[in-house]
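Chemist: With the numbering used here, letter number 19 in the sequence shown gets 73, and the count goes up by one each step, no holes.
Idealized CB from N, CA, C, for every residue including glycine.
As the structure is a prediction and not an experimental result, all values here were calculated from the model.
I am attaching a structure below and will ask some questions about it afterwards.
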Amino acid sequence: MSPRDKFLSLVDHKTTGRDHGVFRVPTRRDRTMSGTWRELDDGRLLLHDFGGEPTQNILAAIGLSIEDLFPERVDGHLPRERRPFPAADVLRALAFEALVILAAAAAIRSSAALTGADRDRLAVAVGRIQTGLTLAGVRHG
C-alpha cells in the first residue's frame, strides 16, 4: 500500500486534485479540514497542519510513523520542493481563519470589546494565514 493510500485510509479527507487534498487533523475536533497533503512524483507524502500540530503527533494519533510517509525505497537525494502544497489547498485550509478575522472585525465595529481569548484566537488566525502564504510561495512582509 502506498504512503498516500495508507494515510488517507485513516483520516477524514477530501481529494482536491490528482496528487493533493485536505484532511481533518485527528488530534483535535476541527470543524474544517485544516490539514493538507500532497503526494510527490516519487511516492513521498507531504503533510502540513495549519493548526500547528507536528506531523509526528498527527501520525501517532492514527498509528503511523514518519517512515510511513515514504515509499519502500527512494534512490538518491531529491531536491526540496519549492512550493510543496498547491495554493488552492492552502486557501481552502485558511478560509475558516478569514471568518475568524471577520467575526472579530464585526465585534469591534459594534463597539464590543474583544476578550483575551478572542485576541489570542485572532493572533492564531493571522499566524496561520502568514504560514499559508509562505507555503503557497507568496512573499509577504
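#1: What is the rounded straight-line gap between the Cα of Leu64 and the Cα of Glu121?
#2: Give the DSSP bridge partners of Lys60, in chain order.
#3: Measure from the alpha carbon of Ala142 to the alpha carbon of each residue in Pro57, Gly89, Asp59, then state which is nearest.
#4: Which first and last residues belong to the alpha helix (DSSP H) in which Thr109 is found?
#5: Which of helix, strand or coil does DSSP assign to Phe139?
#6: Which partner residues of Asp103 appear in the DSSP bridge assignment?
#7: Need the endpoints of the beta strand (DSSP E) that Val76 sits in, please.
#8: Between Pro57 and the rest of its own chain, which residues show a CB-CB distance below 8 angstroms, the 5 nearest in sequence each way excluded?
#9: Excluding five sequence neighbours on each side, which residues of the same chain lie with their C-beta closer than 6 angstroms to the C-beta of Thr69?
#10: Gly117: which of Ala179, Phe61, Gly186, Asp174 sits nearest, CA to CA?
#11: What are the partner residues of Thr69, as DSSP defines its beta bridges?
#12: Can you grab the Cα-Cα spacing for the pair Met55 / Ile162, in whole Å?
#13: Round the Cβ separation of Ala115 and Thr81 to the nearest angstrom and send it over; I've been treating them as touching at under 8 angstroms.
Modeler: Walking through what the data contain:
#1: What you label residue 64 is simply residue 10 of the sequence shown in a count that begins at 1. What you label residue 121 is simply residue 67 of the sequence shown in a count that begins at 1. Going from the Cα of Leu64 to the Cα of Glu121 covers about 16 angstroms.
#2: Translated into the one-based positions of the sequence shown, residue 60 becomes position 6. Beta-bridge pairing links Lys60 to no other residue.
#3: Taking the first residue of the sequence shown as 1, we reach residue 142 at position 88. Per the C-alpha coordinates, the member of Pro57, Gly89, Asp59 positioned closest to Ala142 is Gly89.
#4: In the sequence shown, residue 109 corresponds to position 55, counting from 1. 109–115 is the extent of the alpha helix (DSSP H) around Thr109.
#5: Locating residue 139 in the sequence shown gives position 85, counting from the first residue. Here Phe139 sits in coil by DSSP.
#6: In the sequence shown, the residue the question calls residue 103 occupies position 49. Bridge partners of Asp103: Gly89.
#7: Against the sequence shown, residue 76 aligns to sequence position 22. Unbroken beta strand (DSSP E) run through Val76: 74–77.
#8: Reading the sequence shown from its first residue, position 3 is the one you call residue 57. Spatial neighbours of Pro57 in its own chain (CB-CB distance under 8 angstroms, excluding positions within 5 residues in sequence) are listed in chain order as Glu93, Gly97, Arg98, Leu99, Asp122, Leu123, Phe124, Pro125.
#9: Counting from 1 along the sequence shown, the entry for residue 69 is found at position 15. Closer than 6 angstroms at Cβ, skipping near neighbours: Gly75.
#10: As a working note, residue 117 is residue 63 in the sequence shown. When Ala179, Phe61, Gly186, Asp174 are compared, the shortest CA-CA separation from Gly117 is found for Phe61.
#11: The count along the sequence shown starts at 1 and reaches residue 69 at position 15. In the DSSP output, where bridge partners are listed per residue, Thr69 has Gly75.
#12: The count along the sequence shown starts at 1 and reaches residue 55 at position 1. The count along the sequence shown starts at 1 and reaches residue 162 at position 108. Cα-Cα distance, rounded: 51 angstroms.
#13: Reading the sequence shown from its first residue, position 61 is the one you call residue 115. Reading the sequence shown from its first residue, position 27 is the one you call residue 81. With 8 angstroms as the limit, Ala115 and Thr81 qualify as a contact, their Cβ atoms being about 5 angstroms apart.
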